[in-house]
Amino acid sequence: MGGMRFSFVTFLCAFVTLVLASPAAAQVPGNTRHIAIELIAETDTPAAGSEVALAFASVPEPGWHGYWKNPGDAGIETTLDWTLPQGVTAGPLDYPVPQRLLIAGLMNYVYEGPFAQFATLKIPAGLAPGTRLPVRVKSDYLVCTDEICVPESAQLETVLTIGDGAIAPARRARFDRWRAALPKPLGSEATYQVAEGGFRLAVPFPAEAAAIDAYFFPASAGTVNFAAPQAVTRSGDLLLIETAASGAGGPPIDGVLSVGGGRGLSLRAVPGIVAAGPEHAAEIDWASALLALGGALLGGLILNIMPCVFPILSLKALSLARGGIDEDTARGEARAYTAGVILTCVALGAVLLALRAAGASAGWAFQLQDPRAILILLLLTTAIAFNLAGLFELSAPGAINRAAASGSRGGTGGAFATGALAAFIATPCTGPFMGVALGAALVLPWPLALGIFAGLGLGLALPFLLLGYVPALRRRLPRPGAWMDRFRKALSVPMFLTALALAWVLGRQAGVDGMTLGLGAALIVAVGLWWMGRRQARGAQRAWVPSAAAALLALGAVMLVEREPAAAAPMLAANAQPFTQAKLDQLRGEGRPIFAYFTADWCITCKVNEKSAIETADVAKAFADGEVQVLVGDWTDGDPALGRFIEQHNRAGVPLYLWYEPGEPGPRILPQLLTKAMLTDLPGR
Amino acid sequence: MTKLIWIGAAALALAVPGTAQQTTGQKAGNFKLTDVDGRTVALSDFAGKTVVLEWHNPGCPFVQKHYGGGNMQKTQAAARAQGAVWLTINSGAPGKQGHMSGAEAKALMAEQKAEPTRYLLDPRGVVGKGYAAKTTPHLYVIDGRGTLVYQGGIDDKPTADQADIAGARNHVLAALGEMRAGKPISVAETRPYGCSVKYAG
C-alpha cells in the first residue's frame, strides 16, 4: 500500500513538473538556434558548503561555429547573466581548448564541433537537505558560418536540491570527457618579448614531451597578430614560438598553448628577454630539411618500380629505347615529362599545405597514428605485393592506357601529360616509403616544404630524365623479355615485408585482436584477388568482380578496428607503481610509508625534480631501506580521476608530492621543488 | 639560413592578407575608391578636415543594431555637424553577405536615413585590408593633419542588443569631442566587435 502511494506521488510530481516545464520550453525565442545548449550540473544534489560544476554542453549545427573566450580577429565572447538563489555564487566561465579557423585572412578562435564550457557554483554552508536551489542563466553568444553571424541568446535553467553530493557514474563519465578538453595549468611561467614588430614566446616544455602542431592562443587582443603564422622551434627544454606582434607588450599575458590532439596547457607569460630562434635549432631544421629532401628523392625513385607507375613508365621508356628518335626529341620529351611530374607533385603538396593552413590540424604522421589508416595501407600493400608476385594482373582503366599511348607516339605535350599522370597515380603509393619525408615537409616553412614535394617529383622523374639525356643508357636499355617477369616477382618480397611491418604497427596500435582482424581482412583480399587472377587467366568478362566484393568485405573490417587504450607504462622510479586511489588505500591499510607523486610529460618542474631528486640512487636506497612504497600518477592525458585527487589537495595541476607517514591521518604536502636531502630524510623519522 | 627564413617570412607576409595595419598616432594611409555614384573619392581630397571611416555590411546583426536603433545615423549627423567627413566603406566581396552594387547601397542609405558624406565600394578589399579592418562595424578617426587618432569599435558594449546602446560610451563621439576641446584622445584604440569583414578569398 505504502509503495503504491509512493508511486502515485512520484507520478503526480512528474506530471506537475511536465506541466510547469512545457510553457518554459515554448518560450525559447525563435526555436531556431544554431547552437543547442544544455545546462547540466555534475550533481543535482550538491552538499551544503560545497562546489558544483555546471557544464554548458553545446552542439553547433554543421557548418556553424561558436567562439572561444578570445574570439580572434572578429567575434564575441560569451556573456552570462545569472539569476541565483540567495548566497549562491557563480565563478567565471572556463573554455575548452579552441580550434583555429582562418577565413579570408581573418583568424577566428572557435569550436566547430560539440564543446562544453564550465562554471563553478559555490553553495553556501548551513542549508538544510532538501532545499531547492533554482539556477537560471541567460547566455549571450555569437554563432557564425564562414558567411554569416548570428548573435543568439539562450535562457537556461536547472534545479539543484541540497543533498549528499553524490555523482551518478554516467554523468561523471560525461563530465570527465568534457574536462579532458579543458587546458591544464602548465605550472611554470613562460617569457615573452616584443622586438621589431616580432613576438617571441619561450615556454618551458620538456624536450621529450610531444607537441604536435603547437600553437599559442593568446587570451586577449593587443599581443600577437592573430592571423600571422606562428613558427615553432624546440631547443632542449624550451619551446619557442615566433610570430608577428600587435601592440607593444608590457603586462603579463595569459593564453593557451595547444600541443595537439585537442590537448592544451594554460600559461602566463611575463615580459623578459627571449633569444630569437637559436642558430643551432635553425641548423637542425636545415639538416632535417636536407635529410627530408634526400628521403623524398629516394622515395620518388622507388616509386618508379611501384606497380601503379611501372606499366606507364615502361611504355614510355621502351618507346625511347626502340630508337629512331633524334637527340633533341628525346631531351625535349624527358624535360616535359619531368616538368609534368614535378608540377603535379608540387600542386598536390600545395593543396595539402593549404588544407593545413586553413586550420585542419591533422598532419601526415597523425594519420598514421590511426589504426584504420594503417589497416587500409596494409590491405593496399598486400594487394600490391600479390600483384608483383603475379597472382593477378593490374589492367589499367581505358583512359590511362589511351593517355599513355598518346605519349608513346611522341610529342612534348604527351610526355607532360604522362608525367602528370604518373605522379598523380603514384601518390597513393607514397605512404609507407614517404611517411618520414612528408612528415618533415609538414613542419617546415612552406617554401622548403614545397621544395620537398618537388624533390619527390624529381626522384620520380629521374630515371626517365637520364634516359632522355644519356643516349648510351637508351642503347643499353634491355629488350623487354622474360627477365622483366622475374624482376617483378622478386620485387614482391620487399612489398610483403612492408605489409608485415604494417601488420606489426597495427598490432601495436590495436592489440592482438586488431592485428588478427587486419590479417583476416588481408586474407579476404588475397582470396578475392586470386579468384580474379583465375578469371583473368580464362579471359572472363568483368574479371574484377570477386576482388571488388572482397575489398568491400575487407573494408568492413576497417570499420571494426579500434585503437587499444594506451597502456599506462610510463618510466617509473625503482619499485614505483602507478597511482590509484584503491592502491593508496590498500597500502595505507598495510601501514607502509608512501611517497606519491604526480607528474606529466609536459611539466618541466616535474621532470627536473625526477632527474635531480626522485630518480637518484641515494633516494632509491633511502626509500628501499625505509620500505617506502612509491606511487606515480601520470597526468599527461589529463586523467580526470587524478585531476580530482590533485584538486582535493588544493592544487590546480602538477607537480604534487605527497608523503604519507603511517599513523598520521593525512598526507604531508611537499614543496614543488624537491632536493635529494629532503627525500632521503623522509623515511625513518 | 637566417636569410632564407626572412625571405620565407616576407613571402608569407605578402601571401597573408590583413597583415597591413595603420598605426594610431601616425599618418593614415591614403586610398582611392569609387562611391555609389561612380565618382572617385580619395582620402587626400579631404585634407585639413577630420575624417571618420566606418566599415559597413547591411547583413550583419551588429551593424543592424546600430542602424536599427538610429545610433549610427545620429553619430554620423553629429560628426558632420562638427565639420567632419564621414566615409562609409563596404569591403564585402561579390557573392558574400553584405556586398551591394552602388544603386543598392544608395537605396539602402536613403531608406535608413543614413547620412555619410560618401558611401564607398571596396569589393576587392584592398582598402579594408590596408586598414586591417576586421569587423563590421569598425571605425577609424583621422584628424585634419591626416593622423590616425582612433581605431576600434563604435562603443564599449560588444553586443548585438539595441538596449545596450543607451548605457554605452560612444568612442567616436568621445574622440571627436576631445579633439574639438584640444585634449588628447583618452581612448585611442579599442577592440572592434561585430561580424568579420567578408573579404574575397
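Protein chains in written order, with this note's numbering: chain A, 660 to 1344; chain B, 2 to 202. All C-beta atoms, glycine included, are put in the ideal place defined by N, C-alpha and C.
For a contact defined as C-beta to C-beta under 9 Å, what are the partners of residue i on chain A?
i, result
"Ala98(B)", "The identity of residue 98(B) in the sequence shown is Gln, whereas the question assumes Ala. The contacting residues are Glu806, Ile807, Cys808."
"Tyr200(B)", "Ile762, Ala763, Gly764, Leu765"
"Gly259(B)", "Nothing in the structure corresponds to residue 259(B), since chain B is present only between 2 and 202."
So who's on the other strand from residue i, going by DSSP bridges?
i, result
"Phe777(A)", "Ala714(A), Asp753(A)"
"Tyr120(B)", "Thr89(B)"
"Tyr151(B)", "Val142(B)"
"Gly857(A)", "Ala854(A), Ala903(A)"
"Phe1254(A)", "Val1289(A), Trp1318(A)"
"Trp741(A)", "Val796(A)"
"Arg922(A)", "Gly919(A)"
"Leu724(A)", "What sits at residue 724(A) in the sequence shown is His, not Leu. Paired residue(s): Cys803(A)."
"Pro844(A)", "Ser925(A)"
"Asp36(B)", "Leu121(B)"
"Asp896(A)", "Answer is none; Asp896(A) lacks a bridge partner."
"Thr41(B)", "Thr35(B)"
"Ala700(A)", "Leu713(A)"
Run through chain B and tell me which residues come within less than 7 Å of residue i, C-beta to C-beta.
i, result
"Asp1296(A)", "Correct list: empty, because the minimum Cβ distance to chain B is about 34 Å."
"Gly1127(A)", "Within chain B, no residue comes near Gly1127(A); the closest Cβ sits about 32 Å away, beyond 7 Å."
"Asp732(A)", "Lys135, Ser197"
"Asp799(A)", "Thr160"
Under 7 Å Cβ-Cβ, which residues of chain A neighbour residue i?
i, result
"Tyr68(B)", "In chain order: nothing, as chain A lies at least about 15 Å away."
"Arg192(B)", "Ala880"
Closer than 8 Å by beta-carbon distance: list the chain A residues that pair up with residue i, in chain order.
i, result
"Tyr132(B)", "Neighbours of Tyr132(B) on chain A: none; closest Cβ ~13 Å, over 8 Å."
"Gly30(B)", "By Cβ distance, chain A contributes nothing, its closest Cβ being about 17 Å from Gly30(B), past 8 Å."
Could you tell me which of the options sits nearest to residue i, measuring between CA atoms?
i, options, result
"His1308(A)", "Gly764(A), Ile1328(A), Cys1265(A)", "Ile1328(A)"
"Cys204(B)", "Pro185(B), Val64(B), Ile166(B)", "No information on residue 204(B) is available, as it lies outside the stretch 2 to 202 that chain B covers here."
"Gly1049(A)", "Pro1030(A), Arg1147(A), Leu761(A)", "Arg1147(A)"
"Pro1106(A)", "Arg893(A), Tyr1316(A), Ala1202(A), Gly1008(A)", "Gly1008(A)"
"Arg170(B)", "Thr76(B), Asp36(B), Leu44(B)", "Thr76(B)"
"Val711(A)", "Ala1210(A), Gly881(A), Ala749(A)", "Ala749(A)"
"Ala880(A)", "Leu88(B), Pro59(B), Glu112(B), Gly153(B)", "Gly153(B)"
"Gly909(A)", "Val883(A), Ala700(A), Gln1200(A), Val1000(A)", "Val883(A)"
"Val142(B)", "Arg125(B), Lys135(B), Gln113(B), Ala80(B)", "Ala80(B)"
"Pro124(B)", "Ala106(B), Met110(B), Leu140(B)", "Ala106(B)"
"Leu1161(A)", "Gly857(A), Thr820(A), Arg1031(A)", "Arg1031(A)"
"Val1291(A)", "Tyr1256(A), Gly1302(A), Ala1272(A)", "Tyr1256(A)"
"Val128(B)", "Thr89(B), Thr25(B), Gly60(B)", "Thr89(B)"
"Ile1033(A)", "Ser905(A), Leu1176(A), Ala778(A)", "Leu1176(A)"
"Met1212(A)", "Gly1170(A), Leu1038(A), Ala1196(A)", "Per the sequence shown, the amino acid found at residue 1212(A) is Leu instead of Met. It is Leu1038(A)."
"Trp1294(A)", "Phe1304(A), Ala1216(A), Val1287(A), Glu1286(A)", "Phe1304(A)"
"Ala1336(A)", "Ala866(A), Ala948(A), Ala1279(A), Arg791(A)", "Ala1279(A)"
"Lys97(B)", "Arg1197(A), Tyr768(A), Phe864(A), Ile807(A)", "Ile807(A)"
"Asp873(A)", "Ala1158(A), Arg922(A), Asp1172(A), Ala928(A)", "The residue asked about is misnamed: residue 873(A) is Ala in this sequence, not Asp. Ranking the options by Cα distance to Ala873(A), first place goes to Arg922(A)."
"Pro719(A)", "Val1313(A), Ala733(A), Thr691(A)", "Thr691(A)"
"Gly126(B)", "Lys28(B), Val198(B), Pro62(B), Ala82(B)", "Val198(B)"
"Lys797(A)", "Leu786(A), Leu815(A), Asp805(A)", "Leu815(A)"
"Trp1189(A)", "Gly1173(A), Leu1121(A), Phe834(A), Ala1210(A)", "Ala1210(A)"
"Leu743(A)", "Ile782(A), Ala706(A), Pro705(A), Gly731(A)", "Ile782(A)"
"Leu899(A)", "Arg859(A), Arg791(A), Tyr800(A)", "Arg859(A)"
"Leu949(A)", "Phe876(A), Ser905(A), Leu1002(A), Gly1110(A)", "Gly1110(A)"
"Asp753(A)", "Leu765(A), Gly1073(A), Thr738(A), Leu761(A)", "Thr738(A)"
Closer than 9 Å by beta-carbon distance: list the chain B residues that pair up with residue i, in chain order.
i, result
"Ile735(A)", "Phe63, Pro159, Thr160, Ala161, Tyr194, Gly195"
CB of residue i to nearest heavy atom of the ligand ZN: below 6 Å?
i, result
"Asp1172(A)", "In the structure shown, the ligand ZN is absent, as is every other ligand, since no ligand is present at all."
Ignoring anything shorter than 4 residues or poking outside the region 1262-1343 of chain A, list the alpha helix (DSSP H) runs there in chain order. 1263-1268, 1276-1284, 1299-1307, 1335-1339
Return the residues of the region 759-780 of chain A that lie within a Cβ-Cβ distance of less than 8 Å from chain B, sorted by chain order. Ile762, Ala763, Gly764, Leu765, Asn767
Could you list the residues in the region 31-62 of chain B with a C-beta less than 8 Å from some C-beta on chain A, going in chain order? Answer set for the region 31-62 of chain B: Gly60, Cys61, Pro62.
To test your reading of the DSSP string, which unbroken beta strand (DSSP E) runs of 3 or more residues are found completely within the region 766-834 of chain A? 774-781, 791-803, 808-820
Can you list the alpha helix (DSSP H) stretches of 4 or more residues lying completely in the region 1099-1130 of chain A, in chain order? 1105-1128
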